[in-house]
């Protein structure tokens, strides 16, 4: 299928950022003492974008919400990450999002399903948006701006000549010149020959028309998920207690979940920074062990750890960061097997958050021949080195230090298996040359060895 583009103009970005921070309705967002956005309830009170903050306060007894561009950028990045899960061609600029959907139709069924999926997601996370479908990125953006909506691809091509010139992103002097010539639509401009267009109008207009009509490539910077995650949330209602931060953090974790799934990663460590109104910052780090990309698995350790934050003032801003990831290998569960409510990952993460980072430990193998160096203790979730397996018999209990055996004990031992020679560290002064045997002695199965340098015998391990 030929290229097909879906554009979104997100109108309520400033309002969405304010609501995400806890702003109540009627919601009015101000910047530089001027209203830049107002919700429907505020508009019913006569408050409109462009008014001064003093006028808004005179019209109604409301609380004004300052604009937070950091939160707006985080919301747009989250939307672009989510769109990236549906298409590899995603362009994000200001409050506009364009994605190529022609190559995604087989995956999502049909155009209507994909359209509804995008619209539902934006309405749920951000709010009002205008959507448009077109054969080129510029055409899709124009149809979204004009709110010309259709799922008929051929219809979009027929609409191209009807696009009004005043909606084009052109400089004001050029728009006035076109208006003075009596030109109103793209179709009227297309009636000129190429030579007439070049003689009468600047190259920027001709270039835009060709990209709009698909007569010239329209290269745009494509969205790429960042190598690390960093999102801000400004709280319109500052939190006085650490436990109250759970609700706003959930919004940041939803963005983080989209980011992880877009990059097919699992998070192994994240940090939450609470900036207080006295400008001091408190940081909470969460280790997730085996890693996760599910909202519930990310949220549960935070619920346990947040009460440990000792706040000295109200929290006005939250920041969620992560740079520690591992590849996500999705597993398909058995359809007929009963599914546990609590997964192993979420249980272990909760235990670690409650008991401490050193509470969960595990063993991993080292590439060493000497038995006392062959294993090491790791924190749960730490990436072990290369795993080694051996068909040789090894005891389940290895003593901290080999225990010397007297000649009488050696004479009473009955060899069951061996000897197995282990020789290593020959490049050191104190090299290792041992003959190991599995021996039976007084009802106990032991792992013993003879030091070939001193000919002394030692007990090194016991079998269960």
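Numbering (the numbering used here), first residue to last: -1 to 462. For every residue, glycine included, the Cβ atom is placed at its ideal position computed from N, Cα and C.
| Check | Outcome |
| --- | --- |
| Since residue 459 sits in a beta bridge, which residues does DSSP pair it with? | 396, 445 |
| Tell me the DSSP bridge mates of residue 245? | According to DSSP, which records beta bridges pairwise, residue 245 is partnered with nothing at all. |
| Mapping the DSSP letters down to three states, classify residue 159 as helix, strand or coil. | helix |
| Note down, in chain order, each residue of its chain lying with its Cβ closer than 6 Å to the Cβ of residue 411, except the 5 sequence neighbours on either side. | 437, 439 |
| Can you tell me the Cα-Cα spacing of residue 317 and residue 80, whole angstroms? | 20 Å |
| Pick helix, strand or coil for residue 290, following the three-state DSSP scheme. | strand |
| What would DSSP say about residue 126, mapped onto helix, strand or coil? | coil |
| Ends of the beta strand (DSSP E) at residue 431? | 430 to 439 |
| Out of 72, 35, 288, which has the shortest C-alpha to C-alpha gap to residue 264? | 288 |
| By Cβ distance below 6 Å, which residues in the same chain neighbour residue 11 in space, the five residues on each side in sequence not counted? | 70, 93 |
| Please determine if the segment 294 to 301 and the segment 254 to 270 are in contact, where contact requires at least 3 C-beta pairs separated by less than 8 Å. | yes |
| What would DSSP say about residue 107, mapped onto helix, strand or coil? | coil |
| Do the segment 115 to 132 and the segment 21 to 36 make contact, defined as three or more Cβ pairs closer than 8 Å? | no |
| Which residues does DSSP pair with residue 228 in a beta bridge? | 319 |
| Should residue 266 be labelled buried (16 or more other beta-carbon atoms within 10 Å of its own) or exposed? | buried |
| Could you give the residue range of the alpha helix (DSSP H) that holds residue 204? | 201 to 211 |
| What residue ranges within the segment 250 to 286 form continuous beta strand (DSSP E) runs of no fewer than 3 residues, ordered along the chain? | 263 to 274 |
| Across which residues does DSSP place residue 90 in a beta bridge pair? | 95 |
| Which residues bound the alpha helix (DSSP H) around residue 178? | 170 to 178 |
| So the candidates are 219, 187, 226; which of them puts its Cα closest to the Cα of residue 208? | 187 |
| Please state the DSSP three-state secondary structure of residue 235. | strand |
| Using the three-state DSSP reduction, which class does residue 84 fall into: helix, strand or coil? | coil |
| Do you know how far the Cα of residue 137 is from the Cα of residue 6? | 12 Å |
| Which first and last residues belong to the beta strand (DSSP E) in which residue 187 is found? | No beta strand (DSSP E) contains residue 187, which is instead part of the alpha helix (DSSP H) from 184 to 188. |
| Start and end of the beta strand (DSSP E) containing residue 418? | 412 to 422 |
| Is the separation between the beta-carbon of residue 457 and that of residue 403 shorter than 8 Å? | yes |
| Give me the residue from 406, 3, 285 with the minimum Cα distance to residue 140. | 3 |
| What residue does the beta strand (DSSP E) around residue 39 start on, and which one ends it? | It is not in any beta strand (DSSP E) - residue 39 instead sits in the alpha helix (DSSP H) that spans 38 to 42. |
| Would residue 256 pass as a contact of residue 319 if the rule is Cβ separation under 8 Å? | no |
| Give the secondary structure of residue 18 by DSSP, where H, G and I count as helix, E and B as strand, and everything else as coil. | helix |
| May I ask you to list the residues that DSSP assigns as paired with residue 8? | 127 |
| Given this structure, state the Cα-to-Cα distance separating residue 339 from residue 429, to the nearest angstrom. | Because residue 339 sits at a pLDDT of 43, beneath the cut-off of 50, its placement in the model cannot be relied upon, and the following sentence gives the value as read from the coordinates. Answer to the nearest angstrom: the Cα atoms are 53 Å apart. |
| Are the beta-carbon atoms belonging to residue 66 and residue 14 less than 8 Å from one another? | no |
| Check for me: the beta strand (DSSP E) holding residue 62 runs from which residue to which? | 62 to 64 |
| Does DSSP put residue 102 in a helix, in a strand, or in coil? | helix |
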